[in-house]
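Just so we're aligned, residue 6 is where the sequence shown starts under full-length UniProt numbering, counting upward by one.
We put the beta carbon where it would ideally sit given N, CA and C, even for glycine.
Read through the structure below, which is laid out as structure tokens, and then see the notes.
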Amino acid sequence: GMPAAPPPVLAPRRRTRSLQVGTVQVGGDAPISVQSMTTTVTADVNATLQQIAELTAAGCDIVRVACPTQDDADALPAIARKSQIPVIADIHFQPKYVFAAIEAGCAAVRVNPGNIKKFDDKVKEIAQAAKEHRTPIRIGVNAGSLDPRLLAKHGKATPEALVESALWEASLFAEHDFHDIKISVKHNDPVVMVRAYELLSEACDYPLHLGVTEAGPAFQGTIKSAVAFGALLRQGIGDTIRVSLSAPPVEEIKVGTQILQSLNLRPRKLEIVSCPSCGRAQVDVYTLAEEVTAGLEGMEVPLRVAVMGCVVNGPGEAREADLGVASGNGKGQIFVKGKVIKTVPEHQIVETLIEEAMRIAETMEDV
Ligand code: SF4
């Protein structure tokens, strides 16, 4: 039959240059990629590769590793070679590690121009080495480590200051005919951050790496990132994203993936449509929704499962979904594609939904 029309998005993607981070294309018409950063000591190769494997399994497209010491730099070749996803080395302070990372075969290198003394003098050499190895560079400007000259000029890390820093460094690379650059201008305040990326996006066509830096613990960081990324993605701005959470990196991947899925920028997988519950609820909706979500974790097909607390909106939503339950009177009416297929006692709702979900998922995979 006819291929299904792609789901609607809020804005066309802004056109950016495209570059190749190992096997992953960033910018141009490439899908928006999701990144995270390892929390292990990079020099501990096994622990780092183990965490990268967990991130890969969670759907991470690109992973970044810190490189604060020579031991870490020495570990980069093995990590870059054995990782299943492209590895970006994150370099602060020490230009010599930029060269080490390029030599190590890292898929890209992130540099923080505000943090490397006399960075401007090093650009020529970095551009040469990066060009030779076809290694893209991320210019990662961060409010907390802004170039002191720009801090003095602007008084604080304003959007204009962040953008000026990034564009200045990009222009130095461009002078040496190096353009494989992506840029980030991170701030912990979503308002400043959004404005900075808007300005940056008007001023250049380099691919942009979105991030709210130091966004906080999972709850606050998720909201700050979702709101800020949403405001930018609504304008087609953003080629790769990193959600920063004070939480395990796999959580960052889950949040980043969910942000893209919610805007149809990545195919949706499992979606639980559950009601907030109210005084009409005849079942514990929270527990039911949690148990169904846990039971279906890792589902790879775009299944919408409705979990409704009563029969007011229940049957309607349950009918719109692939599968659903509307509860009432200690029972659950199980709907599949709009039809009640059975009514089960409350204690069998979860197992029945999971069973039916698995059955539907199999038919979807066959297609
Ligand atoms: Fe309340 Fe029923 Fe709506 Fe859930 S489905 S919020 S229980 S009215």
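- HIS138 has its alpha-carbon roughly 11 Å from the corresponding atom of GLY27.
- In the DSSP assignment, VAL317 falls outside any alpha helix (DSSP H) and carries neither an H nor an E.
- The count of Cβ pairs closer than 8 Å, one atom from the region 60-71 and one from the region 83-98, reaches three, so the stretches are in contact.
- By the neighbour-count criterion, in which 16 or more other beta carbons inside 10 Å mark a residue as buried, MET42 falls on the buried side.
- Residue pairing by DSSP places THR245 opposite SER38 and HIS214 in a beta bridge.
- Distances between the C-beta of ALA134 and the heavy atoms of the ligand SF4 are all 7 Å or more.
- Beta-carbon to beta-carbon, GLY241 and SER282 are separated by about 37 Å, too far to satisfy the 8 Å threshold.
- For GLU302, the secondary structure class from DSSP, reduced to helix, strand or coil, is coil.
- Taking 7 Å as the cut-off, the C-beta of ARG19 does not count as close to any heavy atom of the ligand SF4.
- Sequence-distant partners of ALA35 (beyond 5 residues in either direction) whose C-beta falls short of 8 Å from its own C-beta, in its chain, are SER23, VAL29 and ASP244.
- For GLU108, the uninterrupted alpha helix (DSSP H) segment begins and ends at 100-108.
- In the three-state scheme derived from DSSP, where H, G and I count as helix and E and B as strand, ILE121 is classed as coil.
- A residue is listed when its beta-carbon falls short of 7 Å from at least one non-hydrogen atom of the ligand SF4; in chain order these are CYS280, PRO281, SER282, CYS283, ARG285, ALA286, VAL290, MET313, GLY314, CYS315, VAL317, ASN318 and GLY319.
- Exclusion of the five residues before and after ASP152 leaves PRO118, GLY119 and SER170 as the residues of its chain whose Cβ lies within less than 7 Å of its Cβ.
- As a beta-bridge residue in DSSP terms, HIS192 pairs with VAL217.
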